[in-house]
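Visitor: Heads up: the protein sequence lines correspond to chains A and B, in order. Per our numbering, the first sequence runs over residues 14 to 341. Per our numbering, the second sequence runs over residues 69 to 328. C-beta atoms are modelled at their ideal positions from N, C-alpha and C, and glycine is treated no differently. This is the structure I want to talk about, given as structure tokens.
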Amino acid sequence: MLRGSVGAIELRDVRRLFRTTTGTLRRHTKEIVALDGLSLEVGEGELFGILGPNGAGKTTTIKVLTTLLIPTSGTASVLGLDVVRDAKEVRRKIGFVFGGERGLYYRLSGRDNLRYFAELYAVAPREINSRVEELLELVGLRDRGDERVEGYSRGMKQRLHLARTLLHRPRVLFLDEPTIGLDPIGARELRRIVSQLHEGGATIVLTTHYLFEADELCDRIAVVDKGRVVALGTPDDLKANVSDLSVVELEVFGIDAPTIERVRALEFVDSVVVEQRELRQVLRIQTRIAERAVAPLIAAVAAGQVGRVAVREATLEDAYVRLVGRVE
Amino acid sequence: MTAALRIAARSAWVNFQEVAVSGFLLFAVVWQPLFVGVTTMYMLRHRADFDPMYVVVGTALSGIWSTLLFAGSGAISHERWTGTLELLAASPASFFVVIGGKLAGTTIFSLGSLVLAFGIGAVLFGYPVKIAEPGLLALSLVFAAVALWATGVFFAPLAILWRTVGVFLLVFEYPVFALSGFLFPVLLLPNWIVPITNLLPPYWAAVAMHGAASGDLDTPGLIRAWFFLFLTGGVLLFIAHRLFDEVLTRARRAGTLALS
């Protein structure tokens, strides 16, 4: 744990199963393991990131901690309060934002949305108006506060979500992919606000698919896959896992699956990720031999298919790829 | 207590603003009673014992009932669809108070059916609006609205557990309409059904409002109807209150608060 010595959040061996039904005439119930004995601790005042591929258990973890889901087994606590037994108390002390545009009353104005949630979170009546104005100012929506939310852009809705979750001055904030779908300027603005809240002492748990975002903001990061923590540490700790690696990026045209397998099978190749960019593909190849790998790689791909070639240091994203073994 | 009332009042206002522009509920409050009222007037107006006030009150009740049934069964589905159900469930406010408040907003909105029903009788068909006991009708209307609101609140928690329950609850619309004697006396129904009608708040709402509007019901009879309105409504509200906490815990266990 970083920052305060007190644990703000604790998960111990948390398992969470979901039941799903398949079939039309003959129905079968299937159990899906979303969290498989997940354990982690977050210190007070820490900005903690959770990374992982789709279906890794990031949102389920947040939903358990925000009292929306009851763990199938194991225990979870926030500020020393059990999320199942003391759910009501936990709710008073936390705030959360789920990424996306939903979760607002579209036919009400931004200001009325905030006033309503202020009431639900027991903000003192005489404080409601000033708090709402203060938060609209913080998220840059003061001038648009009287407009109906249905006319807001995606970025404005996300900022309104953030304002909503800060109304009752929560000590712990859960932000589940808060910048998803935002344009670069909107996302940067939201990251600035998150940093500001972190500097103000809030404990923040952030899930994101954007690794640079986690790198920029988080004190520590847990990489989660198949409902378990597969790596935990500061962004530098995680990057240190790939300090022995370099990344060769090959821009190629019309490469086929057998060729990719041939590259993957090369003795000096650690992993290969293929990214489709319109008609081109970019192969990101992790290797221990850096520049010396370029010539044999071009030979393996067939020189005529190769466009741009670059060699660079491994980043947090490469550490993530090494841990999780795939990108979305 | 004051905080709970404030939350209920704010929830009512928020929901009133939402339903006031909802096409579906506008249909339930305006177009459906208009259709019911006009059709019934045409069906019954040549009968010797025709009482236009009976049709006016029955039409109003059918509008209020349909709106509350749709809103009660759809309230949770709507919140789930808009992504606000999880926000409400994870707030420290009592879920019962929040949803109860929201349905109170819908109840107030549904009273528009009454104004419309009087309009059908007085303007469209030119009948004089003669209320035998205006004060008692107003009181009966308030009590009926409270009991019908309680019925809506009773249906709401079921939708927390089952995402599609709202659609199934709609099948209650016409049976309750018929069993409660909104537009046709329950005496027309088989005898064995009468005890069932007595268990329904809408039935007592119809007895009280028809009785006060026509003056056919004496004061003890009216007080009896009010008593049963409160009793049946109170029982449903009590069950709903217990159900809310229970179903919320089950939904957190089953993971049905979100759309997926």
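What does DSSP give as the partner residues of leucine 53 of chain A in its beta bridges?
Guide: Residue 53 of chain A sits at position 40 when you count from the first residue of the first sequence. Leucine 53 of chain A pairs with A:Leu24.
Visitor: Taking just the CA atoms, how far does arginine 120 of chain A sit from glutamate 86 of chain B?
Guide: What you label residue 86 of chain B is simply residue 18 of the second sequence in a count that begins at 1. What you label residue 120 of chain A is simply residue 107 of the first sequence in a count that begins at 1. Near 6 Å, if we compare the C-alpha coordinates of arginine 120 of chain A and glutamate 86 of chain B.
Visitor: Does the Cβ of tyrosine 338 of chain B have 16 or more other Cβ atoms within 10 Å, making it buried, or fewer, making it exposed?
Guide: The structure shown has nothing for residue 338 of chain B, since chain B only spans 69 to 328.
Visitor: Can you give the Cα-Cα distance for alanine 45 of chain B and alanine 157 of chain B, rounded to whole angstroms?
Guide: Summary: the structure shown does not reach residue 45 of chain B, with chain B confined to residues 69 through 328, and so no result is reported for it.
Visitor: Can you tell me where the alpha helix (DSSP H) holding glycine 267 of chain A begins and where it ends?
Guide: As a working note, residue 267 of chain A is residue 254 in the first sequence. Premise fails: glycine 267 of chain A is in no alpha helix (DSSP H) and is neither H nor E.
Visitor: Inspect the beta-carbon positions of glycine 220 of chain B and glycine 140 of chain B and report whether they are closer than 7 Å.
Guide: Mapped onto the second sequence, residue 220 of chain B falls at position 152. Mapped onto the second sequence, residue 140 of chain B falls at position 72. Cβ distance < 7 Å, so glycine 220 of chain B and glycine 140 of chain B count as in contact.
Visitor: Using the three-state DSSP reduction, which class does arginine 104 of chain A fall into: helix, strand or coil?
Guide: Here the question's residue 104 of chain A lines up with position 91 in the first sequence. Reduced to three states, the DSSP call for arginine 104 of chain A is helix.
Visitor: Helix, strand or coil for valine 197 of chain B per DSSP?
Guide: The sequence position of residue 197 of chain B within the second sequence is 129, counting from 1. Valine 197 of chain B falls in the coil class under three-state DSSP.
Visitor: Give the DSSP-derived three-state secondary structure of arginine 148 of chain B in the structure shown.
Guide: Here the question's residue 148 of chain B lines up with position 80 in the second sequence. Reduced to three states, the DSSP call for arginine 148 of chain B is helix.
Visitor: Tell me which residue opens and which closes the alpha helix (DSSP H) that aspartate 283 of chain A is part of.
Guide: Position 270 of the first sequence, counting from 1, holds the residue named residue 283 of chain A. Not the alpha helix (DSSP H): aspartate 283 of chain A falls in the beta strand (DSSP E), residues 282-290.
Visitor: Using the C-alpha atoms, what's the distance from threonine 192 of chain A back to glycine 187 of chain B?
Guide: Translated into positions along the second sequence, residue 187 of chain B becomes position 119. Translated into positions along the first sequence, residue 192 of chain A becomes position 179. Cα-Cα distance, rounded: 52 Å.
Visitor: I'd like to know whether the C-beta atoms of valine 27 of chain A and leucine 48 of chain A end up nearer to each other than 7 Å.
Guide: Taking the first sequence and counting its residues from 1, the one referred to as residue 27 of chain A is at position 14. Taking the first sequence and counting its residues from 1, the one referred to as residue 48 of chain A is at position 35. Yes, the Cβ-Cβ distance between valine 27 of chain A and leucine 48 of chain A is below 7 Å.
Visitor: State yes or no: is the C-beta of phenylalanine 296 of chain B within less than 7 Å of the C-beta of tryptophan 272 of chain B?
Guide: Counting from one through the second sequence, the residue named residue 296 of chain B turns up at place 228. Counting from one through the second sequence, the residue named residue 272 of chain B turns up at place 204. Taking 7 Å as the Cβ cut-off, phenylalanine 296 of chain B and tryptophan 272 of chain B qualify as a contacting pair.
Visitor: Beta-carbon within less than 6 Å of valine 315 of chain B's beta-carbon, same chain only, minus the 5 sequence neighbours each way: which residues are those?
Guide: Start at 1 with the first residue of the second sequence, and residue 315 of chain B comes out as number 247. So the list reads Pro225, Ile228 and Leu229, once near-sequence residues are dropped.
Visitor: Spell out whether any CB of chain B is found under 7 Å from the CB atom of glutamate 132 of chain A.
Guide: Within the first sequence, the letter at position 119 stands for residue 132 of chain A. For glutamate 132 of chain A, the answer is yes, since a Cβ of chain B falls inside 7 Å of its Cβ.
Visitor: I need the straight-line Cα distance from glutamine 294 of chain A to isoleucine 83 of chain A, nearest angstrom please.
Guide: What you label residue 294 of chain A is simply residue 281 of the first sequence in a count that begins at 1. What you label residue 83 of chain A is simply residue 70 of the first sequence in a count that begins at 1. The straight-line gap from Cα to Cα measures roughly 43 Å.
Visitor: Lysine 170 of chain A CB to nearest chain B CB: under 7 Å?
Guide: For this step, residue 170 of chain A is matched to residue 157 along the first sequence. Answer no: the Cβ-Cβ gap between lysine 170 of chain A and chain B never drops below 7 Å.
Visitor: So what does DSSP say about valine 43 of chain A, is it helix, strand or coil?
Guide: On the first sequence, position 30 is the one that residue 43 of chain A refers to. The sequence given here places lysine at residue 43 of chain A; valine does not occur at that position. Three-state DSSP puts lysine 43 of chain A in a strand.
Visitor: Name the chain B residues whose beta carbon is nearer than 7 Å to that of leucine 81 of chain A?
Guide: Here residue 81 of chain A is taken as the residue at index 68 of the first sequence, counted from 1. Going along chain B in sequence order, the residues near leucine 81 of chain A (Cβ under 7 Å) are Glu154, Ala157, Ala158, Arg320 and Leu325.
Visitor: Can you check DSSP and say which residues form a bridge with glutamine 294 of chain A?
Guide: Reading the first sequence from its first residue, position 281 is the one you call residue 294 of chain A. DSSP, once it has assigned bridges, lists A:Val265 and A:Gln289 as partnering glutamine 294 of chain A.
Visitor: Starting from the Cα of arginine 184 of chain A, find the closest Cα among A:Ala227, A:Glu59 and A:Leu296 and give me that residue.
Guide: Position 171 of the first sequence, counted from the start, is the residue given in the question as residue 184 of chain A. Among A:Ala227, A:Glu59 and A:Leu296, the Cα nearest to that of arginine 184 of chain A is on A:Glu59.
Visitor: How would you label isoleucine 198 of chain A, buried or exposed, when you count the other beta carbons within 10 angstroms and need 16 or more for buried?
Guide: The residue labelled residue 198 of chain A in the question sits at position 185 within the first sequence. Exposed, by the Cβ-count rule.
Visitor: If you reduce the DSSP assignment to three classes, tell me which class isoleucine 83 of chain A lands in.
Guide: In the first sequence, residue 83 of chain A corresponds to position 70, counting from 1. Reduced to three states, the DSSP call for isoleucine 83 of chain A is coil.
Visitor: Would you report the Cα separation of isoleucine 234 of chain A and phenylalanine 84 of chain B, rounded to the nearest angstrom?
Guide: Position 221 of the first sequence, counting from 1, holds the residue named residue 234 of chain A. Position 16 of the second sequence, counting from 1, holds the residue named residue 84 of chain B. Their backbone Cα atoms lie some 44 Å apart in a straight line.
Visitor: Could you check which residue in A:Gly36, A:Gly56, A:Leu38 and A:Ala69 has the C-alpha nearest to that of arginine 241 of chain A?
Guide: As a working note, residue 241 of chain A is residue 228 in the first sequence. Ranking the options by Cα distance to arginine 241 of chain A, first place goes to A:Ala69.
Visitor: Going along the chain, which residues of its own chain have a beta-carbon closer than 6 Å to the beta-carbon of leucine 192 of chain B, five neighbours each way excluded?
Guide: The sequence position of residue 192 of chain B within the second sequence is 124, counting from 1. So no residue of the chain qualifies.
Visitor: Evaluate the contact criterion for the region 143-160 of chain B versus the region 111-130 of chain A: three or more CB pairs, one atom per stretch, below 8 Å.
Guide: Touching, yes, given that three or more Cβ pairs across the two stretches are closer than 8 Å.
Visitor: How many Å lie between leucine 94 of chain B and valine 207 of chain A at the Cα?
Guide: Translated into the one-based positions of the second sequence, residue 94 of chain B becomes position 26. Translated into the one-based positions of the first sequence, residue 207 of chain A becomes position 194. Going from the Cα of leucine 94 of chain B to the Cα of valine 207 of chain A covers about 42 Å.
Visitor: For arginine 277 of chain A, which residues of its own chain have a beta-carbon under 6 Å away from its beta-carbon, when the five flanking residues on both sides are left out?
Guide: Here residue 277 of chain A is taken as the residue at index 264 of the first sequence, counted from 1. The residues are Val285.
Visitor: Among residues of its own chain, excluding the 5 on either side of serine 122 of chain A, which ones have a beta-carbon nearer than 8 Å to its beta-carbon?
Guide: Working through the first sequence from its first residue, we reach residue 122 of chain A at position 109. Counting only Cβ-Cβ distances below 8 Å, and skipping sequence neighbours, we find Gly158, Asp159, Glu160, Arg161 and Val162.
Visitor: Can you pull the DSSP bridge partners for serine 122 of chain A?
Guide: By one-based count along the first sequence, residue 122 of chain A stands at place 109. DSSP output for serine 122 of chain A lists A:Arg161 as bridge partner(s).
Visitor: Beta-carbon within less than 8 Å of leucine 224 of chain A's beta-carbon, same chain only, minus the 5 sequence neighbours each way: which residues are those?
Guide: Within the first sequence, numbered from 1, the residue matching residue 224 of chain A stands at position 211. Cβ within range, chain order: Leu64, Thr328, Leu329, Glu330 and Tyr333.
Visitor: The ligand GTP and arginine 25 of chain A: does any heavy atom of the ligand fall closer than 6 Å to the residue's C-beta?
Guide: Among the components of this structure there are no ligands whatsoever, and the ligand GTP is therefore not found.
Visitor: By the three-class DSSP mapping on this structure, what secondary structure does alanine 157 of chain B have?
Guide: Position 89 of the second sequence, counting from 1, holds the residue named residue 157 of chain B. If DSSP states are grouped into helix, strand and coil, alanine 157 of chain B belongs with the helices.
Visitor: Taking only the alpha-carbon atoms, compute the straight-line gap between isoleucine 141 of chain A and threonine 152 of chain B and give it to the nearest angstrom.
Guide: Position 128 of the first sequence, counted from the start, is the residue given in the question as residue 141 of chain A. Position 84 of the second sequence, counted from the start, is the residue given in the question as residue 152 of chain B. If you take the alpha carbons of isoleucine 141 of chain A and threonine 152 of chain B, they lie about 20 Å apart.
Visitor: Does any C-beta atom of chain B lie closer than 7 Å to the C-beta of tyrosine 333 of chain A?
Guide: Mapped onto the first sequence, residue 333 of chain A falls at position 320. By this cut-off, tyrosine 333 of chain A is not an interface position.
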